Amino acid sequence: MKIAVCVSFVPDTASKIKISAESSAVDTTGLTFILNPYDEFAIEEALKLKEKLGGEVHIFSMGNDTVKEGIRKALAMGADEGSHLKTDISFDAISTAKALADAIKNYGAELVLVGKQSVDTDGGVMAQLIAEFLDWNAVPSVTSLTIEGVNVTAESEIEGGKEVISTSLPCVISTQKGLNDPRYASLKGIMASKKKNIAEIAVVLENLSTTFISASLPPAKPAGRILGSDSSAVSELVRLLKDEAKVL
Amino acid sequence: MKIYVLVEQRSGVIKDSSLQAISQAAVLASAVSATCVTALVVGSEISNIEKARSYGAEAVIHLKNDNLAFYSGSGYKEVILSSIDTNDSCIIIAANTSFGKDLAAKLAVKLNAGIVTDVVAINSDGGKLEFTKPIYAGKAYQTLSLNSTNKVITLRPNIFPAVVSQNLSTLEVKEVGTPSLSAKVIEYKKNEGKLDVAEASIIVSGGRGMQSPEHFKLIEELADTLGAAVGASRAVVDAGWRPHAEQVGQTGKTVSPTLYVACGISGAIQHLAGMSSSRYIVAINKDKDAPIFSVADYGIAGDVFEVVPALIKALKQ
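Chains A and B are the protein sequences, given in the same order. Position one of the first sequence corresponds to residue 5 (my numbering), numbered consecutively onward. Position one of the second sequence corresponds to residue 104 (my numbering), numbered consecutively onward.
Quick look at the structure:
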């Protein structure tokens, strides 16, 4: 089976976020970048499916030249090859999904795996957008996946529970924590990844549906009050929650 | 310009986050001079459909088919697309839940629309819409506009109020044919008896400071007392003490409850990102220098095993 995995390369979740001088966007200079944590579940699932069913795993990522390093990390985990959808301008979810869907169609994937959300832009709809451009079905936030022939059964995490969803290949699955434990890249894997092919695809973006206006940090919270250091402070806490915060 | 609200029902009950979306749609309608707000509910029997009529939409349409009691991405999309007037421009609004995001994204592509998810503020000065959404799990905010004729947005639950309107919406029950069910829910496994952190108005969370999974009984008891959901830090989820569904933070759920009580949580930057937009935050932690106190409104720098039982007792009185 030909499996496409879409990944993003994002600032480490421990990063402190700064805003650029002209307040239009987040300033990522100097930050450490990592594979989007949710995408690691997608890569792991693809590798497990390849081990079971045979086939190949192709990594797709869109962005400037830095995302190549992210693709390389996925190749080091064991993926076969990659495609870098290259653009240097800011892009939105729709244009990303369209470009990815076009590349995936050319590749001829039967299954697409993607993290349930990228922890930078926090859009959370990439799987559905890609699927819709391909005219396929999508199953979001998957914590358990079974593929038998063309039949797909997946558990999808929703608020307050899980839905068991039945669909068929080809489809797009977005991956959630709980699906698997992503492997670490071995030294051998890292060495091998350097020789693996990353194709460059130039992406032309026009008529973006989104205009990015500004970015800002959350308003600073005034310092809170420490009411005490043991249970004698509890009655004051309850009083404040009732009378001042009015949340009880 | 028309506005459609995608109303979510589970087990035949309409969700509060959808009522909030209807109210916000009514607010937007006047700002953008929309001619009509229509709330669309797909499903079989809907026990509280009358409730949806009270939040400011002109019309509530129940698209009814017994095969659509459970969610089907393919089926719901088809039924909703056939109910949208494509001769006019539109704004589609849903709550930013699994259901809302799933349908919103599908419709955005089909309607050639731009999409913004997880919107927490809308500025409509001069009829031009600007949407603000958290990025990096709330470490920053992005404001943007959509240039497309049709627009799709999802609203973070519990940010926009559900406001009861004087005028009752019309209600139409429309029997629809069975659409493509090429992707469908075949079973719903509800987390028994538990509130979900993503939907709760009060959350009690525990971290490493609880020292062992058994001690989460205290967290559960405090949560029960407050009618709250149980949350957890990444550390205790990774240690296998608590299920992932409870994880709050950048690789878990981003939450904005009215009250967040953090017990034995020091406050890693990823955790703070996921909960610092809560309206009130209480922190109980031994270490008075823990970062959690920098976002807490009220703190007790003491032993959770002494303070939490006393708090439960005080609340029960």
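Glycine included, C-beta positions come from ideal geometry on N, C-alpha and C. Predicted model, so just to flag it, every value in this text is computed and none were measured.
- Annotation note: the stretch 293-353 of chain B contains the following uninterrupted alpha helix (DSSP H) runs of length 4 or greater, listed N- to C-terminal: 319-329 and 337-341.
- In the three-state scheme derived from DSSP, where H, G and I count as helix and E and B as strand, residue 202 (chain B) is classed as helix.
- By the neighbour-count definition (other C-beta atoms within 10 Å, threshold 16), residue 317 (chain B) is an exposed residue.
- Residue 138 (chain B) does not reach chain A, its nearest Cβ partner there being about 23 Å away, counting only Cβ pairs nearer than 9 Å.
- For the stretch 206-230 of chain A, the residues whose beta carbon sits under 9 Å from a beta carbon of chain B are, in order, 211, 212, 213, 214, 215, 216, 217, 218, 219, 220, 221, 222, 225, 226, 227, 228, 229 and 230.
- Residue burial annotation: residue 99 (chain A) is buried, with at least 16 other C-beta atoms found within 10 angstroms of its C-beta.
- The stretch 211-220 of chain A makes contact with the stretch 243-262 of chain B, as at least three CB pairs between them are under 8 Å.
- Taking a contact as a CB-CB distance under 8 Å, the pair residue 264 (chain B) and residue 123 (chain B) counts as one, their CB atoms being some 7 Å apart.
- Counting only unbroken stretches of 3 or more residues, the beta strand (DSSP E) elements lying wholly within the stretch 165-206 of chain A are 165-172, 175-179 and 202-206, in sequence order.
- Taking 8 Å as the threshold, the shortest C-beta distance from residue 12 (chain A) to chain B does not fall below it.
- Nothing from the stretch 148-166 of chain B brings a Cβ to less than 8 Å from some Cβ of chain A.
- As computed with DSSP, residue 31 (chain A) is found in a beta bridge with A:22.
- The CB of residue 186 (chain A) never comes closer than 7 Å to any CB in chain B; the least such distance is about 12 Å.
- Classified as exposed, residue 93 (chain A) has fewer than 16 neighbouring CB atoms from the shown chains inside 10 Å of its CB.
- Against chain A, the beta carbon of residue 409 (chain B) has neighbours under 9 Å at 234 and 235, listed in chain order.
- At least one CB of chain B lies nearer than 8 Å to the CB of residue 181 (chain A).
- Ranked by Cα distance from residue 187 (chain A), the first of A:35, A:69 and A:39 is A:39.
- Between the alpha carbons of residue 397 (chain B) and residue 213 (chain A) lies a distance of about 38 Å.
- Within chain A, no residue has its beta carbon less than 8 Å from that of residue 342 (chain B); the closest one is some 14 Å off.
- Within chain A, no residue has its CB atom less than 9 Å from the CB of residue 171 (chain B), the nearest being about 14 Å off.
- At least one CB of chain A lies nearer than 8 Å to the CB of residue 373 (chain B).
- Three or more Cβ pairs closer than 8 Å define a contact, and the stretch 76-95 of chain A meets that threshold against the stretch 200-210 of chain A.
- Where residue 64 (chain A) is concerned, the enclosing beta strand (DSSP E) starts and stops at 60-67.
- Of the candidates A:140, A:226, A:17 and A:233, the residue whose Cα lies closest to the Cα of residue 123 (chain A) is A:17.
- With 16 or more neighbouring CB atoms inside 10 Å of its own CB, residue 96 (chain A) falls in the buried class.
- Residue range 233-238 is occupied by the beta strand (DSSP E) that includes residue 234 (chain B).
- Here residue 288 (chain B) has 173, 174 and 175 as same chain residues with Cβ atoms under 7 Å from its own Cβ, once five neighbours each way along the sequence are excluded.
- Judged by DSSP secondary structure, residue 95 (chain A) falls outside any beta strand (DSSP E); it is assigned neither H nor E.
- Every beta strand (DSSP E) of 3 residues or more that sits fully in the stretch 109-162 of chain A is shown, in chain order, as 115-119, 141-152 and 155-162.
- When the beta-carbon positions are compared, residue 117 (chain A) and residue 196 (chain A) stay at least 8 Å from each other.
- In the same chain as residue 76 (chain A), and ignoring 5 residues on each side of it, the C-beta atoms closer than 7 Å to its own belong to 197, in chain order.
- Using a Cβ-Cβ cut-off of 8 Å, residue 265 (chain B) does not count as an interface residue toward chain A, since no Cβ of chain A sits closer than that to its own.
- Contact between the stretch 141-153 of chain A and the stretch 222-229 of chain B is not established, with fewer than three Cβ pairs separated by less than 8 Å.
- Within chain A, not a single residue places a beta-carbon under 9 Å from that of residue 142 (chain B); the smallest gap is close to 20 Å.
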